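Participant: Numbering (my numbering), first residue to last: -8 to 217.
Glycine included, every Cβ here is placed at the ideal spot set by N, Cα and C.
No experiment lies behind these values; they were computed from the predicted model shown.
Shown below is the structure under consideration.
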Ligand code: AMP
């Protein structure tokens, strides 16, 4: 499975990617997670990234693409398949990704556009809690941890991302509409866009995805006469 997950912040890309990774072991590449790792370093570049992420703006294509290119060309697990989550976020990044994937001979199967609405986005992100250690995702109502403030998976403290507040979320949605939404046309023109509702629970979205993949491979087999 070689997929790009597209959709606004809060569409459920991270949760779906975590579930697919758990079930299949394929590589989950989240540029948001990669950038948060960079931010932990007090390097000049880490501080620059921190300032942009804090206000809900995009980090430069050059920095993000460099991180992705390194991962794609150095992770031997990529051979099993991959899921991009939060990348690409601009048409330039989508073009760069095609170039990088062509270089390693692992082109995309499709881009999955997870559609959802603003109310859902706000409620998901404002109730989201993340594990400091393993990155597991929780939600105060939809997926509460067994012990408040503690990760069910590794027992580490949970935190709320500083960019998961109402003002910054609205800014991130605006940035998404302007910079990221045009990518939908980019993949549509390649015949690689697939749409799915992101309004459901993660397990149900996962089931819809599996059905879609099975249906497509059935249709492909039928049209190739095998
Ligand atoms: P995420 O964890 O995907 O919600 O990303 C958190 C923040 O990291 C975003 O609001 C951006 O500031 C930055 N970011 C993540 N991925 C990218 C990307 N592909 N291009 C530019 N900035 C990004």
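Going along the chain, which residues of its own chain have a beta-carbon closer than 7 Å to the beta-carbon of residue 73, five neighbours each way excluded?
Facilitator: So the list reads -7, 17, 18 and 20, once near-sequence residues are dropped.
Participant: Would you say residue 64 and residue 174 are within 9 Å of each other, going by their C-beta atoms?
Facilitator: Not closer than 9 Å, so no.
Participant: Pick from 34, 31 and 79: whose alpha carbon is nearest that of residue 53?
Facilitator: Ranking the options by Cα distance to residue 53, first place goes to 79.
Participant: So, are the CB atoms of residue 38 and residue 197 less than 9 Å apart?
Facilitator: No. Outside cutoff.
Participant: Within 10 Å of its beta-carbon, does residue 179 have 16 or more other beta-carbons around it, so buried, or fewer, so exposed?
Facilitator: That one is exposed.
Participant: For residue 79, verify whether its CB is less than 8 Å away from any heavy atom of ligand 1.
Facilitator: Flag set: Cβ of residue 79 near ligand 1.
Participant: Could you check whether the Cβ of residue 49 sits closer than 8 Å to any heavy atom belonging to ligand 1?
Facilitator: Yes, since a heavy atom of ligand 1 falls inside the 8 Å radius drawn around the Cβ of residue 49.
Participant: Can you name the start and end residues of the beta strand (DSSP E) that residue 106 belongs to?
Facilitator: Segment 101 to 106, the beta strand (DSSP E) holding residue 106.
Participant: Residue 184 lies in the beta strand (DSSP E); which residues open and close that run?
Facilitator: Segment 184 to 188, the beta strand (DSSP E) holding residue 184.
Participant: Would you decide whether residue 29 is buried or exposed? Buried here means 16 or more other CB atoms lie within 10 Å of its CB.
Facilitator: When all chains shown are included, residue 29 counts as buried.
Participant: Going along the chain, which residues of its own chain have a beta-carbon closer than 6 Å to the beta-carbon of residue 31, five neighbours each way excluded?
Facilitator: So no residue of the chain qualifies.
Participant: Where does residue 169 sit, in a helix, a strand or coil, going by DSSP?
Facilitator: The answer is helix: DSSP assigns residue 169 an H, G or I state.
Participant: In whole angstroms, give me the CA-to-CA distance for residue 153 and residue 5.
Facilitator: Distance between the alpha carbons of residue 153 and residue 5: 17 Å.
Participant: Is the beta carbon of residue 106 sitting closer than 9 Å to the one on residue 182?
Facilitator: Going by C-beta atoms, residue 106 is not nearer than 9 Å to residue 182.
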